[in-house]
Each structure stands twice: as structure tokens, then as C-alpha cells.
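Under UniProt numbering, the sequence shown has 76 at position 76, and the numbering climbs by one with no breaks.
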Amino acid sequence: MNRNEKTIKVQNLELILKDTFLNNKVILSIREKIGSILCLAFALTLFNCGSSTTATTQNTTATTTTTTVEAKDKDISDNLDLEAVASVFGESKDLEDFEKRLNNPETKISNLDLNEDGKVDYLRVVSSDQGDDKVVTIQSVLAKDKFQDVATIDVKKENTSVQVIGNSSIYGPNYYIYPVYGVNPLIMDWFWGPYYSPWISPFYWGYYPPYFRPWGPFSPFAYHNNIIIHVNTKNVYHHTNFDHHHGNMNNNHNKNDHFSNSAKQTFQQRNPGNYNKHSLDLNRGGTFTRSNFGGGFHGGGGFRR
1 MNRNEKTIKV
11 QNLELILKDT
21 FLNNKVILSI
31 REKIGSILCL
41 AFALTLFNCG
51 SSTTATTQNT
61 TATTTTTTVE
71 AKDKDISDNL
81 DLEAVASVFG
91 ESKDLEDFEK
101 RLNNPETKIS
111 NLDLNEDGKV
121 DYLRVVSSDQ
131 GDDKVVTIQS
141 VLAKDKFQDV
151 ATIDVKKENT
161 SVQVIGNSSI
171 YGPNYYIYPV
181 YGVNPLIMDW
191 FWGPYYSPWI
201 SPFYWGYYPP
211 YFRPWGPFSP
221 FAYHNNIIIH
231 VNTKNVYHHT
241 NFDHHHGNMN
251 NNHNKNDHFS
261 NSAKQTFQQR
271 NPGNYNKHSL
281 DLNRGGTFTR
291 SNFGGGFHGG
301 GGFRR
């Protein structure tokens with residue numbers, strides 16, 4: 001091999017080494033860029049995870065707060081909707097049928113558990129006859145020979161007028177609902193028909209009709225979400241503190257009131273600053289807004305319908 005050939009081979013080897021060095025440099029550069037991209041993606045993933053955890057914690061806190069507010073606002077009076085009682089009364093053919101509808105385990109009109117035994121109380125119905133005026137009393141059965149008046153329905157033959165009065169220990173004083181029925185109730189024809197006779201429920205503590213299967217009470221909010229479908233919206237329900245029947249009806253039924261020796265359980269003791277259920281609903285404001293049935297409900301407040 002001559003001198004010129006050796007020189008050419010050396011030059012070629014230098015070119016090859018130079019190309020290899022450049023290629024390796026490019027590869028290293030690419031690897032560095034890929035490594036940077038992966039690091040950035042990993043950092044973003046950690047950031048997103050942290051954000052999700054924070055959001056979840058905030059949502060959990062909000063849910064807990066809502067539950068606490070609901071628990072503070074409930075009252076015994078929230079467990080029997082007297083609009084629902086008035087609605088069922090207008091759909092009954094007689095008082096026996098009315099009592100059955102009040103205690104139907106399928107519809108669950110009542111949510112009262114006054115004796116706090118974990119079961120909704122049986123509601124018995126008794127009536128008295130005062131000629132053209134009828135008095136219907138609804139009582140919770142709490143123990144042997146122990147009842148609690150829950151509400152009274154006064155019925156006048158004149159103008160087929162009905163007023164539902166909440167017991168003052170449960171609803172506060174002067175809590176009246178005047179239903180105006182879209183269709184004349186069948187029970188009105190029974191009251192002043194040939195088959196009427198005063199009704200006194202034959203049922204008592206430990207002796208109930210076969211259809212009655214006690215159920216556990218719901219939260220008041222869940223109860224009112226259930227009861228909405230059982231209030232006839234073709235009727236109008238006027239709420240007021242004024243007695244349109246002028247207090248001329250008396251209830252002389254024997255009873256052993258649950259609240260008679262429980263001053264701490266009066267409505268005003270449970271709800272300081274509120275006169276009765278009507279004012280309690282008003283003071284609840286927009287938190288538990290009740291719908292206005294055809295403009296008939298005056299006052300607002302209460303649980304959402």
C-alpha cells in the first residue's frame with residue numbers, strides 16, 4: 001500500500017467516526033427531550049391527583065353540612081301533613097274508610113312516632129255527632145289506655161265546610177287548614193245520609209286491623225317527598241290562625257294525653273320564637289319552600305313539594 005492510499009483510508013475512518021459521534025449526540029439529545037417530557041407528564045399527573053383529592057374532600061364536607069342543617073330544622077309537626085289528612089278525608093266514603101287510609105302501609109300518610117318505639121303510631125278515628133256539625137278526632141295509639149289527640153276535623157253541613165285543626169302540643173295553638181275540595185267529597189253524603197252513625201274505632205294498643213303493618217319512620221324530608229303524590233292538587237288548602245267555626249265544637253272523648261305532663265315538649269319549647277307550625281314554616285323561608293296549590297296556600301314555608 002502506497003502513501004496516498006493510507007492517507008485516503010485514514011480520512012475515511014475519520015469521517016466515519018465523526019458521523020458516529022454526531023449520530024450519538026443526536027440520540028442523546030432525543031433521549032434527553034423524551035426524559036423531560038416524561039418528567040413533565042408525571043408532574044402534571046401528581047398535580048391532577050392532588051386537585052381531585054382536594055375537590056373530593058370539599059364535596060364531602062358540603063354534604064355533611066347539608067345533613068346537619070336538615071337535622072336541626074326538623075320538628076314533630078313535620079311528621080303528619082294535615083294537607084294530606086284533609087286530602088284523604090275528602091276521598092273517603094266514610095270514617096271507617098278514612099281510618100284505613102290513614103294507616104295504609106302502602107301510602108304511609110303518617111310518619112308519627114310519638115312514643116319513640118321505632119314504629120309509626122297507629123292512628124285511630126273517633127267521632128261525635130252534634131246535629132248539623134260533626135267532630136272527627138284523630139288519635140295516636142301510644143300504649144295500653146294511652147292516646148294522644150293529633151288533629152281534629154270539624155265538619156259543618158252548612159256549605160259543607162271543613163276545617164282541620166292541629167293539636168296545639170304538636171302544631172302550636174290556632175293552626176287551621178281549610179280545604180276547598182274540587183269535587184264534593186263522598187263522605188259528606190255519608191254524614192247526612194241514611195247510613196250514618198258515629199264512628200268509634202274498635203282498635204287499640206296491641207289490637208290492630210289485619211292490613212296494618214307498622215313501619216319505621218322516615219326522616220321528615222323523606223316523608224314529605226313521599227307524601228306529595230297523596231295530596232290532591234285539585235283541592236285548595238287555606239292556612240290561617242283564625243277559627244272560622246268559632247270554637248263551637250267540643251271533643252269529649254276520653255284520652256290520656258302523651259303531652260299532658262311533658263311541658264318541655266310543647267311546640268313553643270321545641271321551637272322558640274315560633275307561635276305555631278304556620279309561623280315555623282314562614283321562618284324557614286326559602287330553605288324549605290312549599291308550593292302554592294292554585295294560590296290556596298297562604299304563607300309559604302314548610303318542606304319542599
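By construction, the Cβ of each residue, glycine as well, lies at the ideal position given by its N, Cα and C atoms.
First through last residue of the beta strand (DSSP E) which encompasses residue i
i: Tyr178; result: Tyr176 to Val180
i: His239; result: Val236 to Thr240
Close-in-space but distant-in-sequence residues of the same chain around residue i (CB under 6 Å, 5 per side omitted)
i: Pro179; result: Ala86, Val162, Asn235 and Tyr237
i: residue 318; result: There is simply no residue 318 to check, as the chain begins at 1 and stops at 305 in what is shown.
i: Arg213; result: Pro105
i: residue 312; result: Any property of residue 312 remains undetermined from this structure, which presents the chain solely from 1 to 305.
i: Phe267; result: Gly172
i: Asp78; result: Pro220
i: Tyr208; result: Tyr122
i: Gly90; result: Tyr181 and Pro185
i: Pro217; result: Asn111, Asp113 and Val120
i: Thr240; result: Tyr176
i: Tyr195; result: none
i: Tyr223; result: Asn111
First through last residue of the alpha helix (DSSP H) which encompasses residue i
i: Tyr223; result: Pro220 to Ile227
i: Val120; result: Note, Val120: premise wrong, no alpha helix (DSSP H); not H, not E.
i: Glu83; result: Leu82 to Glu91
i: Phe268; result: Here residue 268 is Gln; the residue named in the question, Phe, does not match the sequence. Phe267 to Arg270 is the span of the alpha helix (DSSP H), which, as asked, contains Gln268.
i: His244; result: From DSSP, His244 is part of no alpha helix (DSSP H); its letter is neither H nor E.
i: Lys277; result: Lys277 to Arg284
Backbone secondary structure at residue i - three-state DSSP
i: Val126; result: strand
i: Leu102; result: helix
i: Ser197; result: coil
i: Ala71; result: Confidence at Ala71 is low in this model, with a pLDDT of 31, below 50, so the placement of that residue should be treated as unreliable; the coordinate-derived value is given next. Looking at Ala71 - three-state DSSP - the assignment turns out to be helix.
Cβ-Cβ distance between residue i and residue j below 9 Å
i: Phe242; j: Asn184; result: no
i: Asn111; j: Leu80; result: yes
i: Glu99; j: Ser197; result: no
i: Thr115; j: Ile109; result: The question names Thr, yet the displayed sequence has Asn at residue 115. No, the pair does not count as a contact, with Cβ atoms beyond the cut-off.
i: Val164; j: Tyr176; result: yes
i: Lys119; j: Trp199; result: no
i: Val136; j: Val126; result: yes
i: Asn276; j: Ser169; result: no
i: Asp97; j: His245; result: no
i: residue 316; j: Lys144; result: Nothing can be reported for residue 316: it is not among the residues displayed for the chain, which extend from 1 to 305.
i: Thr160; j: Ile138; result: no
i: Gln148; j: Ser140; result: yes
Cut-off 8 Å between Cβ atoms - residues of its own chain near residue i, not counting five sequence neighbours on either side
i: residue 309; result: The question about residue 309 has no answer, for the chain in this structure spans 1 to 305.
i: Lys93; result: Leu186, Ile187 and Trp190
i: Asn274; result: Gly172, Phe267, Gln268, Leu280 and Asn283
i: Asn226; result: Lys108 and Phe218
i: Phe21; result: At Phe21, the pLDDT of 45 sits below 50, so the modelled position is not reliable; the number obtained from the coordinates is stated separately. Excluding sequence neighbours, Phe21 sits near nothing in its chain.
i: residue 370; result: Residue 370 lies beyond the range of the chain shown here (1 to 305); nothing can be said about it.
Beta carbon proximity, residue i to chain D, threshold 9 Å
i: Asn241; result: Annotation note: the requested chain D is absent from the structure, which comprises a single protein chain.
Close Cβ partners of residue i (< 7 Å) along its chain, the five nearest in sequence each way excluded
i: Leu44; result: Residue placement at Leu44 is flagged as unreliable, the pLDDT there being 48, under the threshold of 50; the coordinate-derived value follows with that caveat. Closer than 7 Å at the Cβ level, and outside the excluded window around Leu44, lies no residue.
i: Phe203; result: Tyr122, Arg124 and Pro209
i: Leu95; result: Val125, Ser127, Val136 and Trp199
i: Lys134; result: Ser127, Val155 and Phe191
Note down, one range per segment and in chain order, each alpha helix (DSSP H) of at least 4 residues found wholly within the region 128-187.
-> Considered as a whole, the region 128-187 harbours 168-171 as its complete alpha helix (DSSP H) runs of no fewer than 4 residues, in chain order.
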